[in-house]
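Q: Listed in order, the protein sequences are those of chains A and B.
Under the working numbering, the final residue of the first sequence carries the number 816; numbering is consecutive throughout.
Under the working numbering, the final residue of the second sequence carries the number 816; numbering is consecutive throughout.
Just so it is clear, CB atoms sit at the ideal spot from N, CA and C, and this is done for glycine as well.
2 protein chains.
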Amino acid sequence: MATTLGKTNSGAAFGRSIPRVEAQAKVTGKAEYVHNLRLPGMLYGKVHRSTVAHGRIRGIDVSAAKVLPGVYAVYTAADIIKLIPEPYYGPAFHDQPILAVDKVHHVGEPVALVLAADPHVAEAAAQLIDVDYEELPAVFDEVEAMTSKAIVHEVLKPAGTFPDLKHLKGKRDTNIALDFHLRRGDAQKAFAEADHVFEHTFRTQQVLHVPLEPFVTVADPTPNQLVIHTASQSPSFVRIEIARLLGWAENKVRVKVPYLGGGFGAKLYIKTEALTAAAALLAGRPVKISLTMEEQFYQITKHAATLRIKSGVSKDGKVTARECEVWWNGGAYADIGPRVTQKSGFTAPGPYDIDHVSIDSYALYTNLPAAGALRGFGIPQLVWAYESHTDMIAKALKMDPLAIRRKNILREGRPQATGTLMRDAGIEKVLERLAERMDWEKSFDRGSGTLRRGRGIAIGFKASISPTTSVAIVNVSADGSCMVYCSTVDMGQGSDTAMAQFAAEALGIPVESVTVVHPDTDVTPYDMATLGSRSTYHMGHAVKLAAEDARDKLMQLAKDVGLSAETTPIPDIFRKKYGMQAGNIVGVGSYIPTYTSPDAHGQTDNATPFWMIGATGAEVEVDTETGEFKITRLVNLVDVGRPVNPAIVETQISGATMMQLGFTLFERMDFDAGQCTNASLADYKIPGIRDVPLVMENEAVDMVQQSGPFGAKGVGESGTFGVSPAIASAIDDAVGVRLTSLPLTAEAVYRGLRAQAGKPLDE
Amino acid sequence: MATTLGKTNSGAAFGRSIPRVEAQAKVTGKAEYVHNLRLPGMLYGKVHRSTVAHGRIRGIDVSAAKVLPGVYAVYTAADIIKLIPEPYYGPAFHDQPILAVDKVHHVGEPVALVLAADPHVAEAAAQLIDVDYEELPAVFDEVEAMTSKAIVHEVLKPAGTFPDLKHLKGKRDTNIALDFHLRRGDAQKAFAEADHVFEHTFRTQQVLHVPLEPFVTVADPTPNQLVIHTASQSPSFVRIEIARLLGWAENKVRVKVPYLGGGFGAKLYIKTEALTAAAALLAGRPVKISLTMEEQFYQITKHAATLRIKSGVSKDGKVTARECEVWWNGGAYADIGPRVTQKSGFTAPGPYDIDHVSIDSYALYTNLPAAGALRGFGIPQLVWAYESHTDMIAKALKMDPLAIRRKNILREGRPQATGTLMRDAGIEKVLERLAERMDWEKSFDRGSGTLRRGRGIAIGFKASISPTTSVAIVNVSADGSCMVYCSTVDMGQGSDTAMAQFAAEALGIPVESVTVVHPDTDVTPYDMATLGSRSTYHMGHAVKLAAEDARDKLMQLAKDVGLSAETTPIPDIFRKKYGMQAGNIVGVGSYIPTYTSPDAHGQTDNATPFWMIGATGAEVEVDTETGEFKITRLVNLVDVGRPVNPAIVETQISGATMMQLGFTLFERMDFDAGQCTNASLADYKIPGIRDVPLVMENEAVDMVQQSGPFGAKGVGESGTFGVSPAIASAIDDAVGVRLTSLPLTAEAVYRGLRAQAGKPLDE
């Protein structure tokens with residue numbers, strides 16, 4: 054290889070559909086995952102879980118478990134506390150104990166841990182543990198939680214992790230972890246003056262991300278460091294949080310993430326890491342804890358929500374005022390729920406230009422498993438509500454769904470509910486292109502007889518997680534090959550490939566010359582986390598800056614030795630300086646976008662560094678006799694700025710769409726008194742290949758995010774936004790049945806059809 | 054931890070005897086070594102070795118080996134060539150084949166490799182391989198090699214690796230790999246004019262470094278990279294050389310070095326790496342090759358040498374001219390021999406101020422195992438010769454050994470043989486302090502009867518390896534803890550501790566806050582190698598520069614957010630900038646000293662960035678009836694500039710001294726027609742605890758290397774310089790027997806005593 058520093062930003066690497074760098078490793082089965090890791094002397098940990106939703110622990114009898122042959126140790130909170138006096142973790146509140154201390158707060162909560170060299174022995178021993186509970190009143194519904202006398206946590210300690218949650222206190226003697234309020238204009242006055250006022254309430258269910266790879270952590274207590282191999286999207290957070298728990302310096306904890314078998318938001322913050330780390334330190338041996346598919350249902354869920362929307366609308370369909378009230382079911386531990394509540398909260402009125410807005414968004418504790426981050430971070434739930442609401446208004450006013458959106462959408466330069474002006478937000482472009490792709494203004498075959506056809510469109514938008522930091526290092530070797538160091542986790546979204554493209558584009562070298570190093574906090578610098586579609590923008594900037602720094606240094610090096618970096622192959626520049634194939638040029642890039650904290654009314658002129666836009670059009674065919682329906686066409690339009698890698702962007706859109714399709718059509722965690730009753734993939738259906746719509750089209754509109762690296766911005770979530778309401782509206786369009794709760798089932802349609810006909814269900 | 058950026062260069066971290074950072078890992082047996090590494094599916098490789106010293110391979114019959122149950126594969130050069138068409142490696146010449154191609158050049162040369170999941174099966178199969186040789190004339194002696202018609206290599210391909218070996222060609226139809234010549238003044242004329250001319254010839258033997266950990270490599274062909282775990286002092290070199298062999302980019306080869314169980318120069322350049330890498334790629338499986346202690350004797354040796362020194366001396370003991378001729382026995386492959394020949398060559402006249410100098414230094418091929426780098430890189434052999442010579446002159450002139458040295462030593466500012474002026478070279482200081490510690494000018498008990506006592510002193514010096522490059526990265530985390538990334542290999546010399554001290558001193562933070570990351574070419578930047586006592590100076594500079602860069606950036610960061618870095622705890626600076634515990638400050642340092650290539654006469658004004666000085670005083674007690682002698686006192690004085698860590702410097706001196714004591718007293722590889730006949734630690738004695746002199750004192754004189762990082766320079770080799778000649782002179786002083794060959798054995802003394810008495814040996 055005798056690469057010369059080519060032109061930067063030439064389009065040679067960026068914007069091209071180069072194959073994924075990890076493709077070969079994955080298709081040949083050679084990619085490394087934490088599950089494959091076995092260390093000498095390693096013990097397996099199995100968890101004994103709470104059987105009650107809320108209760109005081111009177112006693113834990115581990116005697117039978119301890120004497121089971123092959124058991125190495127049994128730990129309860131009493132053991133953990135010897136190592137970690139304050140064994141509570143969490144990104145928003147330090148509310149979640151490593152093992153239950155005194156109380157349990159949900160069914161499935163870890164109460165004790167068994168270690169054994171044989172995981173089956175550990176499993177058997179975990180069953181032998183007997184816990185005596187004094188049961189306490191429990192609350193499961195998010196709206197009830199607002200007023201319930203069953204209080205999940207008596208005391209709360211804010212984590213102080215995120216600057217935008219600095220005001221976080223948690224309200225004593227309530228279940229409210231965070232309440233977000235936004236006021237713009239005077240909604241009440243506007244309602245009074247409006248021609249029409251519409252109010253609807255929507256509900257979404259508890260769901261679960263079920264990546265192929267369940268939660269798994271191996272902790273290895275080496276002499277100088279605690280090394281944690283974990284399936285995590287947030288290695289830097291894990292390092293800092295485990296160090297905090299132990300009272301250690303950051304550099305005494307090393308977190309390594311090899312390939313990740315899917316994440317989607319599930320594998321953020323602390324999941325199995327703290328328990329595994331504590332167990333390994335107590336045992337003085339490497340410990341692996343890997344959850345079964347079933348166990349994951351007991352430990353985590355996603356925010357169910359109740360969403361009430363009220364709009365004041367003029368005769369001609371202009372929305373003049375909107376009031377949104379959102380209750381997020383956070384489960385027993387806040388996890389990142391308060392940030393979901395706040396970050397999604399301020400976009401609750403949707404991508405509409407409304408002068409008078411009132412938003413109240415509540416993160417609530419209940420006695421269910423803790424709700425973690427969902428792909429879309431609250432937005433799919435919100436879009437489900439506000440776009441269903443939009444179409445219900447349109448129907449009431451006899452307006453076309455496209456027309457009412459054209460009248461109300463936020464156009465470039467207009468202020469969003471926070472007051473932040475819209476910039477590079479392709480709302481109009483996405484909407485118009487969707488209409489075009491759907492042939493919206495042409496005639497549509499509405500079916501006949503018992504098979505009726507309908508269609509719907511929906512559009513949503515999302516702010517980025519801000520302010521968050523990414524750091525990258527770009528190291529050019531003496532032969533011109535290059536390593537990129539960043540803590541972005543490639544969980545299947547193709548970030549390794551994208552980062553190689555950013556570095557190659559900025560340096561002006563072939564993308565094949567670039568290797569991206571996997572996250573390892575001893576190796577790769579800080580990154581807030583891989584979440585919220587932030588990596589392309591934030592880490593993209595950091596890698597670009599690092600590559601530009603390396604390029605500048607290489608130019609200077611060439612100049613120092615009397616050469617031109619534009620015409621001299623990189624190896625010759627090094628050779629002239631160092632006399633041999635020696636040395637490195639190391640560039641560093643650090644990126645944090647500017648951000649302005651909202652005022653007491655939720656107003657700020659800089660709420661987000663960029664906006665993500667996603668819209669979906671659905672065509673359905675409904676059987677009026679059974680309520681069964683087929684999605685005959687799904688068209689997904691997004692604004693991702695300039696796509697880094699169009700082929701990967703396409704798979705991101707289709708992947709996100711299919712995930713949301715699962716949440717729309719059949720995924721729902723069922724609970725009975727807090728006990729999940731469908732905790733397996735046999736009972737909890739996720740989309741399969743037969744669930745893919747007959748026609749599915751995905752497109753990124755032609756946009757440039759001016760503030761983005763080479764014009765790019767995030768894409769991971771935009772495909773989820775419009776799916777649920779587009780399908781619900783298509784059903785309504787087909788048969789006049791409006792569903793307001795997810796999932797949209799044939800049974801619900803059938804019930805609607807029967808009610809519409811004024812007939813009992815069983816006739 | 055809430056560390057504030059303290060004063061830089063305050064002496065808080067540098068110059069203190071803090072405990073070694075790896076001490077706990079080592080004493081608890083938890084330190085990781087390549088030998089402990091087992092990968093899934095890993096195969097073990099065992100080598101079939103040549104039984105002849107020089108021969109053409111007529112045929113290799115691997116049929117019996119291949120069918121042995123459990124054998125996975127048997128490879129010969131024919132297989133290697135399919136993967137690597139030019140399978141020759143080496144730092145000076147590409148002369149060493151991965152497996153013998155057509156010819157073998159020494160007994161023990163690898164001819165074939167067997168892979169099996171069970172190493173014993175591989176071993177048994179390797180024995181079943183039958184090779185048919187046409188034997189060729191061989192040469193073993195370095196002086197004979199100058200004129201022998203047995204030519205080891207017909208064709209030579211210079212590697213072109215090192216800028217200072219650019220003129221390297223190898224002489225066709227001779228065994229001379231490199232001939233180094235230096236001329237200063239007119240030695241022949243000065244001899245003619247001298248009052249006295251003395252000429253002596255000295256010999257040193259083949260020895261072996263036998264670190265507790267033998268050579269071992271594991272190569273793992275992962276999908277995107279070839280990962281090499283190896284016990285190597287030169288990970289960057291291994292990466293570049295393996296990439297070159299394969300025709301790959303540097304970043305497709307990853308070289309990892311965990312703890313190293315000793316090196317001393319043995320584990321440099323390519324040893325087991327190329328064969329293991331090729332086997333792993335051919336097999337498509339991880340492969341481990343670990344040599345037994347015995348095998349190491351067949352694969353490597355150290356330069357035996359013949360050294361002729363001639364001096365013109367005035368009546369009062371002033372040396373006016375010196376001629377040195379040195380023949381280095383390089384064995385069958387050059388390895389780094391040419392550089393030894395050149396680098397040590399120019400200090401062959403010793404640390405003396407001599408106007409007229411003539412040096413001829415030859416690297417010679419012979420049919421012995423390849424000679425690798427020795428701790429001291431040729432200097433212990435040279436000092437042995439020139440300091441014995443000094444005392445033989447003194448004795449002839451009836452001068453005191455201290456007096457003749459005082460008259461002739463190179464003083465500060467005077468030109469050395471290359472013309473380079475001496476700077477910060479504590480020759481006089483070391484000599485005077487040695488005399489003081491030895492009470493040289495006081496009366497000395499010379500013994501009586503059959504137990505006679507004597508004493509000797511010797512002083513040597515060494516240039517550094519120049520120009521060579523080191524790069525370091527210093528990464529400060531948001532909590533103020535810090536990681537140092539460098540490819541210096543801690544093989545027991547304490548470099549991890551030293552680098553932590555450099556970083557802490559430069560940043561002004563506690564040394565406990567610093568972690569040093571082990572060499573891994575995917576992680577730690579380029580370093581030429583850990584050799585020649587260069588790391589403290591070169592990598593010390595790089596780490597200091599990187600830490601200063603990080604400090605500057607941290608100061609700037611504080612300024613940017615309106616804080617003072619001197620008074621604000623580091624975590625608070627980060628928190629102000631990033632709003633949370635987030636981000637890193639990454640500093641980069643790259644160091645290459647200035648260097649001027651010598652002219653055709655070996656003259657340069659800048660031969661080395663610093664000089665290492667070492668001197669030893671020995672007191673011995675000799676039994677005149679048996680020749681047996683005891684070292685009753687050994688005093689070692691060195692100039693290391695300012696010691697980074699006095700306690701570690703002390704152990705470096707004593708370790709080097711003990712190693713040289715082994716070479717002085719009993720270590721010698723015996724060869725019979727090229728076959729090593731004492732290839733085990735049962736037959737090849739290394740020093741044990743009982744061999745430590747009754748009194749051993751080590752001291753670093755008070756010096757500052759102005760050009761060094763915080764005034765430091767290297768220390769790893771200085772303890773070796775004076776040991777051999779000081780002991781030989783002490784024996785001569787005790788009983789009048791002057792030995793001129795190493796090792797110094799009781800038998801040789803006895804023979805001398807008998808000869809002195811004019812008696813036959815067996816009387």
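(1) Using DSSP with H/G/I as helix, E/B as strand and the rest coil, what is N751 of chain A?
(2) Listing by chain order, which chain B residues have their CB less than 7 Å from the CB of Y631 of chain A?
(3) Strictly under 9 Å for the Cβ-Cβ distance: is G59 of chain B near chain D by that measure?
(4) If you draw a straight line from the alpha carbon of M54 of chain B to that of K606 of chain B, how long is it in whole angstroms?
(5) Taking CB distances under 9 Å as the criterion, tell me whether E266 of chain B reaches chain A.
(6) With respect to the alpha helix (DSSP H) encompassing H594 of chain B, which residues constitute its N-terminal and C-terminal limits?
(7) Between B:L152, B:Q713 and B:Q554, which lies nearest to V527 of chain B when the distance is taken from Cα to Cα?
(8) Can you tell me the Cα-Cα spacing of P274 of chain B and P138 of chain B, whole angstroms?
(9) Just to confirm before moving on: does the CB-CB distance between V74 of chain A and A284 of chain A stay below 9 Å?
(10) Y142 of chain B and I407 of chain B: beta carbons closer than 9 Å?
(11) Can you check whether the CB of H356 of chain A is closer than 9 Å to the CB of Q434 of chain A?
(12) Mind listing, in chain order, the continuous alpha helix (DSSP H) runs of no fewer than 4 residues lying wholly within the stretch 236-284 of chain B?
(13) Which whole-angstrom value describes the C-beta separation of D692 of chain B and M756 of chain B, a residue pair presumed to lie in contact below a C-beta threshold of 8 Å?
(14) Excluding the 5 residues flanking T677 of chain B on each side, which residues of the same chain have their C-beta closer than 7 Å to its C-beta?
(15) Tell me which same chain residues have a C-beta within less than 6 Å of the C-beta of G365 of chain A, skipping the five on either side of it?
(16) Within a Cβ cutoff of 7 Å, which residues of the same chain sit near E347 of chain A, ignoring the five residues on either side of it in sequence?
(17) Name the DSSP bridge partner or partners of R375 of chain A?
(18) Does A296 of chain B get closer than 9 Å to chain A when you measure Cβ to Cβ?
(19) Pull up the CB-CB distance for G646 of chain B and G513 of chain B, whole angstroms please, since I reckon it's below 8 Å.
(20) Would DSSP call D226 of chain A helix, strand or coil?
(21) Can you list, in chain order, the residues of its chain whose CB lies under 7 Å from that of M824 of chain A, leaving out five sequence neighbours each side?
(22) At 8 Å on the CB atoms, spell out the chain B contacts of I526 of chain A, in chain order.
(23) Do the CB positions of V205 of chain A and A447 of chain A come within less than 9 Å of each other?
(24) Which residue from A:P563, A:A423, A:T541 and A:M552 puts its Cα closest to that of D532 of chain A?
(25) Any C-beta of chain B sitting closer than 9 Å to the C-beta of A635 of chain A?
(26) Since A178 of chain B is in the alpha helix (DSSP H), which residue starts that stretch and which ends it?
(27) Which chain A residues are close to I518 of chain B, counting only those with a beta carbon under 9 Å from its beta carbon?
(28) Let me see if you follow: with CB-CB separation under 9 Å, is K83 of chain B close to chain A or not?
(29) In the DSSP output, which residue or residues are listed as bridge partners for V308 of chain B?
(30) Have a look at C539 of chain A and D369 of chain A and give me their C-alpha separation to the nearest angstrom.
(31) According to DSSP, R686 of chain A sits in a beta bridge with which residue or residues?
(32) Once DSSP output is grouped into helix, strand and coil, what is the label at M54 of chain A?
(33) To which residues of the same chain is I638 of chain B closer than 6 Å at the C-beta, ignoring the five residues directly before and after it?
(34) Hey, which unbroken runs of the alpha helix (DSSP H) at 4 residues or more fall wholly within the stretch 636-665 of chain B?
(35) Tell me the residue span of the alpha helix (DSSP H) that contains R392 of chain A.
A: By the coordinates alone:
(1) Secondary structure of N751 of chain A (DSSP, three-state): strand.
(2) Going along chain B in sequence order, the residues near Y631 of chain A (Cβ under 7 Å) are T522 and I645.
(3) Among the protein chains in the structure shown, which are A and B, there is no chain D.
(4) Reliability fails at M54 of chain B, whose pLDDT of 48 lies under 50, so the model's placement of it is uncertain and the value that follows must be treated cautiously. If I take the Cα positions, the gap works out to 20 Å.
(5) So, not an interface residue.
(6) Where H594 of chain B is concerned, the enclosing alpha helix (DSSP H) stretches over S588 to D613.
(7) Looking at the Cα atoms, B:Q554 is the closest of the given residues.
(8) In this structure, the straight-line span from the alpha carbon of P274 of chain B to that of P138 of chain B is close to 19 Å.
(9) Taking 9 Å as the cut-off, the beta carbon of V74 of chain A is found no closer than this to the beta carbon of A284 of chain A.
(10) Result no, Cβ atoms of Y142 of chain B and I407 of chain B do not sit closer than 9 Å.
(11) Yes, Cβ-Cβ distance for Q434 of chain A and H356 of chain A is below 9 Å.
(12) Runs found: 240-246.
(13) In this structure D692 of chain B touches M756 of chain B by the C-beta definition: roughly 5 Å separates them, less than 8 Å.
(14) These residues qualify, in order along the chain: T503, R505, V788 and L806.
(15) A distance below 6 Å between beta-carbons, with the five flanking residues on each side excluded, links G365 of chain A to the following residues of its chain, in chain order: A243, F244, A247, V250, T373 and A374.
(16) Result list for E347 of chain A: A732 and S733, in chain order.
(17) According to DSSP, R375 of chain A bridges with A:S364 and A:V410.
(18) Output row for A296 of chain B: interface = yes.
(19) Reading the sequence as shown, one finds Pro at residue 646 of chain B and not Gly. Actually they are not in contact, since the Cβ atoms of P646 of chain B and G513 of chain B sit about 22 Å apart, beyond 8 Å.
(20) Of the three classes helix, strand and coil, the one that applies to D226 of chain A here is coil, per DSSP.
(21) Outside the displayed range of chain A (54 to 816) lies residue 824 of chain A, so it cannot be described from this structure.
(22) Listed along chain B, the residues sitting closer than 8 Å to I526 of chain A by beta-carbon distance are I526 and V639.
(23) Note that the C-beta distance between V205 of chain A and A447 of chain A is not below 9 Å.
(24) Of A:P563, A:A423, A:T541 and A:M552, the residue nearest in Cα terms is A:P563.
(25) Using a CB distance cut-off of 9 Å, A635 of chain A counts as an interface residue toward chain B.
(26) That run of the alpha helix (DSSP H) goes P172 to Q180.
(27) Simply none; closest approach about 12 Å.
(28) Contacts with chain A at 9 Å (Cβ-Cβ) include K83 of chain B.
(29) Beta-bridge partners of V308 of chain B (DSSP): B:I281.
(30) Our two residues, C539 of chain A and D369 of chain A, have alpha carbons roughly 52 Å apart in a direct line.
(31) The partner list for R686 of chain A (beta bridge, DSSP) reads A:E672 and A:V748.
(32) With a pLDDT of only 48 at M54 of chain A, under the threshold of 50, the placement of this residue in the model should not be trusted; the figure read from the coordinates follows. Here M54 of chain A sits in coil by DSSP.
(33) Excluding sequence neighbours, I638 of chain B sits near V529, A603, K606 and L607.
(34) Segments of the alpha helix (DSSP H) lying fully in the stretch 636-665 of chain B: there are none.
(35) It spans G390 to G398 - the alpha helix (DSSP H) in which R392 of chain A sits, taken as one unbroken run.
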